[in-house]
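The next block holds one structure in the form of structure tokens; read it before the comments.
Protein chains: 2
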Amino acid sequence: MLFSQLIFTPEKSAPANATTINHKLLTQAGFVRQVMAGVYVYTPLGLRVLRKISDIVRKEMEGMGSSEILMSALSPKSNWQVTGAWDSVDVLFKLNSQTNKEYALGFSHEEVVVPLLKEVISSYRDLPKSVYQIQWKFRDELRAKSGILRGREFLMKDMYSFHATHEDFEDYYGKAKEVYLKTFERLGLDAKVTEASGGSFSEKISYEFMVLTDAGEDDILYCPDCGYCVNTEIATQGLTEGSECPKCKKTKMVGAKASEAGNIFDLGTAKSAPFGLTYVDGKNAEREIYMGCYGIGISRAMGIIVEKHADDKGIVWPENVAPFQYHLIALGEDEAILKKASEVYEKLIGQGKEVLFDERRNLSAGAKFAAADLIGCPNRLVISPKTGIEQIELKKRGSNDSRLIEINRLSL
Amino acid sequence: MLFSQLIFTPEKSAPANATTINHKLLTQAGFVRQVMAGVYVYTPLGLRVLRKISDIVRKEMEGMGSSEILMSALSPKSNWQVTGAWDSVDVLFKLNSQTNKEYALGFSHEEVVVPLLKEVISSYRDLPKSVYQIQWKFRDELRAKSGILRGREFLMKDMYSFHATHEDFEDYYGKAKEVYLKTFERLGLDAKVTEASGGSFSEKISYEFMVLTDAGEDDILYCPDCGYCVNTEIATQGLTEGSECPKCKKTKMVGAKASEAGNIFDLGTAKSAPFGLTYVDGKNAEREIYMGCYGIGISRAMGIIVEKHADDKGIVWPENVAPFQYHLIALGEDEAILKKASEVYEKLIGQGKEVLFDERRNLSAGAKFAAADLIGCPNRLVISPKTGIEQIELKKRGSNDSRLIEINRLSL
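Chains as they are written, first to last, in my numbering: chain A, 12 to 423; chain B, 12 to 423.
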């Protein structure tokens, strides 16, 4: 992509109301623009990162045998009355129509997915089933803050699984825990599996995938030795920072701020039973269906990645989620240099590489380097009067070392 | 994809409340499920078609030099008060928050895109600019009907262009008209450029891209000779069916029902002026900015395609937008046949083909063929005791001819 097509290019400073790293850097570098607290526009740069994260998550869910669908944001009030969520969930946005019908805007999709799957599940032969979607969610948050970490409108992957027995659910739940850790690793995030309450979803213990960051809203206690981790919300029996780890009993628990990148819930029959979603077993008996739900905040993950991968010059994207692999810069006004830079750009594009080409004229090397550092692509390529037209300089973002490459042999 | 992963498979009959071809076939074949009138879930099959259409539209917009962004569905009341749309647009969904703030759900995005672009446009050097998005829209329709043709929640591509002069706008507008016709052709739709009113967007004449279909909601008059076409809403001077064409004056105008697949609007300064979006020209004078907006209904296009490409057995997808290029069927219970079918599936996938593999056991040939006809992939491949394990039968959807291909030479 040409730099001029970005529309939103790096600015001199971060917005005054930004207090977190992700809000500051994502806005200043041109990945997002705030529409109102908790609601953002994604620019061409930001949209690329959202897609990279979505694609990684999508592949992992497909690997779990889940099928992608897309549920609606709107759904009728009646769905939410069945489970009582219409009256009990504070963050549920409610809409009134011209015809005086009431609708909900999905903050999660249990109330849509259960009646939906009821159409195709009736016998034990129809189980297990797993569906997921990557869809925008709406939550009427009292305080939306921390950039894209806590939004009123945010992108989420939510998966729902349906099982004939609790054992079958447990198998899938265990597999999901492993897949989640692998997914976050691919996103460049070191997530801790944390015991937490089921919140409005379930009475049971759920697992949150917590990433340590001061911008996070959760307080956790973790054992640096065995890895046991618990949300302080449910920490019992006087468990606090400095307590002995209740699991390994070897080390003292450490307290930290963290942000929840994902979660998995044992829903039991809490959502299936109210809708009468059951199945008939091999002996013609009606049985309850056990459900799990599994969330990953796609836009929040983008924010957490920036919290974890940044320095004083800007973002340092992990290779997997970077908007472009290469940031190509042409310096000076020498036509031969500029022509060669265009050739290199076309050549890399032809090789299937993702390249952002800063082709702007009459701009200092300092300004172009600062933009590249802010945007944070993993590899910076520079062609200038200093390199000449036969070589190009490659520098990794976050490293001070650079090396010269023969352009003729350029196959990165 | 394996048939068993579809989750929603072809049903014996269409839903009782479905009156249009797209509603009947898309539901019966398993592409969509209705949540409420005008609101649908897209299944794995349906989502594939939405993506195919989106990708074709995206490529054409990129070809016009437009940059993809993603705006929020939510935006603050204040944006909509600036243009008066808060009080004047009936179909605008309005939300109240816990903190007693009011928000709008985007039915179109002029009120978001103008303040957004104001951040990056100040000088003539910043013009022209064009951005687009593919985003779900919400409209509080009094009557949502005709399957996915008229929705309360629907997927749309909306592009916005910003120009220093009306001439520059006219150039881009003219180019858009050509690109739109090419886009619809790639989608398998024969669209007529139709003169229409600007509706709530503009006082000026706009152009609608109309596809003739009885399921459509618009009435148009067109000249079969020169192609002149006008929405009856704005047909003047006694122009009716049977009138002489006012353009070529050779033929009589024909009346028809049509569905609007896209539209382009000359917004003039109607949206830029209220937000004070202006630019400074080369002589330091402040100037008005001319805007255009350009819509394509992605989900509606999917519905129109089905209205136009179907027979009594089901959907006949044009190749470009089909969920899969190949529908592979294994017949009988012979293990050698079934094993060979799996090999063919893997081979085609390895060649980068998109294949739906009906691997279901204990099902009649008739049931599998009926499912293939309903779903409507362009090429049906059958391996059965009749073909043996060395040949496979290829039949085009919508044709009765079939031919045998040597499996060893299979490279479709």
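Every residue, glycine too, gets a C-beta built ideally from N, C-alpha and C.
Locate the alpha helix (DSSP H) running through residue i, then write down its first and last residues.
| i | result |
| --- | --- |
| A:R371 | Segment: none, A:R371 is in no alpha helix (DSSP H) and carries neither H nor E. |
| B:N28 | Premise fails: B:N28 is in no alpha helix (DSSP H) and is neither H nor E. |
| A:G303 | Per DSSP, A:G303 belongs to no alpha helix (DSSP H); it is in the beta strand (DSSP E), 301-308. |
| B:E122 | 121-129 |
| B:I64 | 55-74 |
| B:S89 | 88-94 |
For chain A, check one thing: does any of its Cβ atoms lie closer than 9 Å to the Cβ of residue i?
| i | result |
| --- | --- |
| B:Q92 | no |
| B:F380 | no |
| B:I416 | no |
| B:W147 | yes |
| B:R371 | no |
| B:E130 | yes |
| B:M47 | yes |
| B:R44 | yes |
| B:Y114 | yes |
| B:L374 | no |
| B:L392 | no |
Name the chain A residues that come within less than 7 Å of residue i, Cβ to Cβ?
| i | result |
| --- | --- |
| B:E164 | S83, A84, L85 |
| B:L3 | Residue 3 of chain B lies beyond the range of chain B shown here (12 to 423); nothing can be said about it. |
| B:P55 | S78, E79, I80 |
| B:L106 | F104, L106 |
| B:L127 | R44, V52 |
In chain A, which residues lie less than 8 Å from residue i when you measure between Cβ atoms?
| i | result |
| --- | --- |
| B:Y51 | S83 |
| B:L153 | Q109, T110 |
Kindly list, in the order they appear in chain A, the residues whose Cβ is closer than 9 Å to that of residue i.
| i | result |
| --- | --- |
| B:I159 | Neighbours of B:I159 on chain A: none; closest Cβ ~11 Å, over 9 Å. |
| B:D101 | Q109 |
Check whether the Cβ atoms of residue i and residue j sit closer than 9 Å, and answer yes or no.
| i | j | result |
| --- | --- | --- |
| A:S217 | A:I275 | yes |
| B:K215 | B:C237 | no |
| B:V355 | B:L339 | yes |
| B:E79 | B:V142 | yes |
| B:E299 | B:A312 | no |
| B:V190 | B:M302 | no |
| A:G273 | A:I245 | no |
| A:S270 | A:F165 | no |
| A:L421 | A:L359 | yes |
| B:R69 | B:K168 | yes |
| B:E252 | B:V241 | no |
| B:V366 | B:F335 | yes |
| A:V332 | A:I64 | yes |
| B:R391 | B:A378 | no |
| B:M82 | B:L153 | no |
| B:G325 | B:Q39 | yes |
Can residue i be considered in contact with the ligand FMN, in the sense that its beta carbon sits closer than 8 Å to one or more heavy atoms?
| i | result |
| --- | --- |
| B:E346 | Among the components of this structure there are no ligands whatsoever, and the ligand FMN is therefore not found. |
Given that residue i touches chain B, what residues does it touch there, using C-beta distances under 8 Å?
| i | result |
| --- | --- |
| A:Q39 | Simply none; closest approach about 13 Å. |
How far does the beta strand (DSSP E) with residue i in it reach, from first residue to last?
| i | result |
| --- | --- |
| B:A272 | 265-279 |
| B:I400 | B:I400 -> no beta strand (DSSP E), and no H or E assigned at all. |
| B:L116 | 113-116 |
| A:Q109 | No beta strand (DSSP E) holds A:Q109; DSSP gives it neither H nor E. |
| B:L415 | 413-417 |
| B:T224 | Note, B:T224: premise wrong, no beta strand (DSSP E); not H, not E. |
Hey, does residue i have any beta-carbon neighbour from chain B nearer than 9 Å?
| i | result |
| --- | --- |
| A:V123 | yes |
| A:Q16 | yes |
| A:L385 | no |
| A:L61 | yes |
What does residue i touch in chain B if you count any residue whose Cβ is under 7 Å from its own?
| i | result |
| --- | --- |
| A:K140 | I18 |
| A:L58 | E79, I80, L81 |
Fill in: Inside the region 142-222 of chain B only - alpha helix (DSSP H) runs reaching at least 4 residues
Counting only runs that start and end inside the region 142-222 of chain B, the alpha helix (DSSP H) elements of at least 4 residues fall at 177-197.
Practice prompt. Report the residue ranges of all alpha helix (DSSP H) runs contained in full by the region 337-390 of chain A; include only those spanning at least 4 residues, in chain order.
Written response: As far as the region 337-390 of chain A is concerned, its whole alpha helix (DSSP H) runs of at least 4 residues are 346-361, 376-386.
Item to complete: With a floor of 3 residues, list each beta strand (DSSP E) that falls wholly inside the region 232-261 of chain B, ordered by position along the chain.
Response: Listed in chain order, the complete beta strand (DSSP E) runs (minimum 3 residues) inside the region 232-261 of chain B are 240-242.
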